[in-house]
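Participant:
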Amino acid sequence: MHRFFFPSIVSSFSGAFALRHDILMRAPVQKLGVIGANRYSAPLVHWVLARGYPVVWLEKEFSSLEVHLESVRNGLSKAVHAGQMTALARDSILSLLSGTTQYSDLSGCNMVVDMNPDDPEEKREVIGRIEKYISPESPIGISLDTLTVTQLAGEVLHPGRLFRLRPIGLPPRTLVGLEIVAGRKTDPVTIQTASDFSLMLELPPMIAHEGPGGVANRLLARCFSEARVLTRADRKHLSDLDAELRRRGWETLPGETMEKIGRSGVRQILAFFHRFYGDTFFVGEDDEIRGGYSRLPSLSETTEIRTVSEIADLWILSLQNEAVQMVYENVASWETVDRVSEMVFGLVPDKAGLLGRGAARGWSVVLSGVWTLSSLTSGRIWPSPLLHLIGIESRYDGRNLT
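Just so we're aligned: 1120 in the working numbering is position 380 of the sequence shown, and the numbers increase by one with no gaps anywhere.
Below you can see the structure in the form of structure tokens.
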């Protein structure tokens, strides 16, 4: 079983029970409902409790619910024994958490988030059940990897309150932000409430439009796609790439992350983006890669690319190009894409994400590198029109645009 009780969260538990009643009543969300007791919802539940706000945790399988409730209880007790909090603080925090298998217990919540895996029919059923018990103006956040808010909004009674919520910085790291994505029918007031909710939790809100998959998942999909192709899906070469990126200060590593998600999960994510962007996101099996899908040589070949450092450079260039393209498509602002990329890949030490690093390197240099990558991939990856523009401009006037 996974346990997600982070030291940074434990330390904040000690003062959470002192939250004044009037502050709670002025909060944009006084009680949060969370659907699904799993490794994705647990960090969010812990985080909300740590800041003194009530949570109703719903799971249809009682055994799974009890396992995760016990994890919270054990984590708090360990904090007491370690002298990190008092028994009174522990009991006060536990009083904020209620577990249930009944949707009717969500009736007091003024925001509910569904953190279960993607399944169109199950998602629609869950939303329908939620709507029976909460007020029409209460937002409903949905964790989505291979679906969009708009896909689910058609059969919702109040589609304007539906939005996509993706915690950024899931295990092994603590939460660092919330990605909030509006569908075509999402009301602005819903996004404002979700943004205020994020700030209430001391997490920066990352607001995005509904480009397929949002910002974080699209960056991860590009990460997986190019890591597989650049290393010819060879485990040793993936491990070498991880080691090189770790040396450069990256926390989220492609090989390690794909191993945690599992082959089927990675394929599902890539297949989602392949539906929208075609072969720019490679979905094929490992033997197709090794059989010559890409003209990129493996690390062991002494041709155009000879070192793991060069592979890492190309991998980063593919991500920077994707980040610029999302700005070009108006998925999110330049600042939001840069901040999300910083959070997703753990680039905090430099205080700069993919776009900030691209500007520091020089956009003309980045553009030249992406053209090299485009040539090596037979045009499967093509420079973003916006990258082409800022690269050419910086080349001619000597400036690095940000």
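Where is the CB? At the ideal position from N, CA and C, for every residue including glycine.
Can you tell me whether Arg-924 is buried or exposed? The criterion is at least 16 other CB atoms within 10 Å of its CB, across all chains shown.
Facilitator: Exposed: under 16 other Cβ atoms inside 10 Å.
Participant: Out of Gly-1018, Gly-909, Arg-958 and Asn-856, state which residue places its alpha-carbon closest to the alpha-carbon of Arg-1167.
Facilitator: The structure shown does not extend to residue 1167, since the chain is modelled only from 741 through 1142, so no value can be given for it.
Participant: Among the residues of its own chain, which have a CB less than 7 Å from the CB of Glu-919, if the five just before and after it don't count?
Facilitator: Same-chain partners within the cutoff: Arg-906, Ile-908, Met-946, Ala-948, Gly-954, Val-955, Ala-956 and Val-1080.
Participant: On the criterion of 16 or more Cβ atoms from any shown chain inside 10 Å, does Ile-1132 qualify as buried, or is it exposed?
Facilitator: Exposed.
Participant: Could you tell me which uninterrupted alpha helix (DSSP H) segments, each at least 4 residues in length, are contained entirely in the stretch 920-966, listed from first to last along the chain?
Facilitator: With a minimum length of 4 residues, the continuous alpha helix (DSSP H) runs that stay inside the stretch 920-966 are 928-940.
Participant: Run through DSSP, which three-state label would Asp-859 get?
Facilitator: Coil.
Participant: Please state the DSSP three-state secondary structure of Arg-906.
Facilitator: Strand at Arg-906.
Participant: Just the Cα atoms here: how many angstroms apart are Val-807 and Arg-864?
Facilitator: Each residue's Cα considered, the two are about 26 Å apart.
Participant: When the Cβ atoms of the stretch 1064-1081 are set against those of the stretch 974-993, are three or more pairs found closer than 8 Å?
Facilitator: Taking 8 Å as the limit for Cβ pairs, the verdict is that the stretch 974-993 does not touch the stretch 1064-1081.
Participant: In angstroms, rounded to a whole number, what distance separates the CA positions of Ser-935 and Val-795?
Facilitator: C-alpha separation (whole angstroms): 18 Å.
Participant: Hey, how far is the Cα of Thr-1020 from the Cα of Ser-1118?
Facilitator: Approximately 11 Å between the Cα atoms of the pair.
Participant: Roughly how far, in whole angstroms, is the beta-carbon of Leu-970 from the beta-carbon of Leu-1107, given that I think they are within contact range, below 8 Å?
Facilitator: Between Leu-1107 and Leu-970 the Cβ distance is about 19 Å, and since that is not below 8 Å, they are no contact.
Participant: Can you pull the DSSP bridge partners for Trp-797?
Facilitator: Per DSSP, Val-774 and Gly-839.
Participant: Is DSSP giving Leu-897 helix, strand or coil here?
Facilitator: Coil, per DSSP.
Participant: What is the rounded straight-line gap between the Cα of Gly-792 and the Cα of Asp-845?
Facilitator: Their backbone Cα atoms lie some 20 Å apart in a straight line.
Participant: With Ile-870 and Ile-880 assumed to form a contact (beta carbons below 8 Å), what rounded beta-carbon distance in angstroms separates them?
Facilitator: About 6 Å; that satisfies the 8 Å criterion.
Participant: Label His-761 either buried or exposed according to how many other C-beta atoms from any shown protein chain fall within 10 Å of its C-beta, with 16 as the threshold for buried.
Facilitator: For His-761, the predicted model reports a pLDDT of 48, less than 50, meaning its position is unreliable; a value from the coordinates is still stated below. Exposed: under 16 other Cβ atoms inside 10 Å.
Participant: Hey, would you say Phe-964 sits closer than 7 Å to Met-998, going by beta carbons?
Facilitator: In contact: Phe-964 and Met-998 (Cβ atoms closer than 7 Å).
Participant: Since Leu-950 and Ala-922 should fall inside the 8 Å C-beta cutoff, what is the C-beta to C-beta distance between them, to a whole number of angstroms?
Facilitator: In the sequence as presented, Leu is not what sits at residue 950; that position holds Glu. Going by Cβ atoms, the distance from Glu-950 to Ala-922 rounds to 6 Å, so yes, they are a contact pair.
Participant: On the three-state DSSP scale, how would you describe Val-1071?
Facilitator: Reduced to three states, the DSSP call for Val-1071 is coil.
Participant: Out of Arg-813, Leu-1057 and Gly-823, which one is the CA nearest neighbour of Gly-839?
Facilitator: For the residues Arg-813, Leu-1057 and Gly-823, the minimum Cα distance to Gly-839 belongs to Arg-813.
Participant: With respect to the alpha helix (DSSP H) encompassing Val-1006, which residues constitute its N-terminal and C-terminal limits?
Facilitator: Unbroken alpha helix (DSSP H) run through Val-1006: 1003-1017.
Participant: In or out: His-898 buried (at least 16 other Cβ within 10 Å) or exposed?
Facilitator: Buried, because 16 or more other Cβ atoms sit within 10 Å of the Cβ of His-898.
Participant: Measure the Cβ-Cβ separation of Gly-894 and Asp-927 and say whether it is below 7 Å.
Facilitator: No. Outside cutoff.
Participant: Sorted by chain position, which residues of the same chain lie with C-beta nearer than 7 Å to Pro-1123's C-beta, five sequence neighbours on each side aside?
Facilitator: The residues are Asn-1061, Leu-1107, Val-1110, Trp-1111 and Ser-1114.
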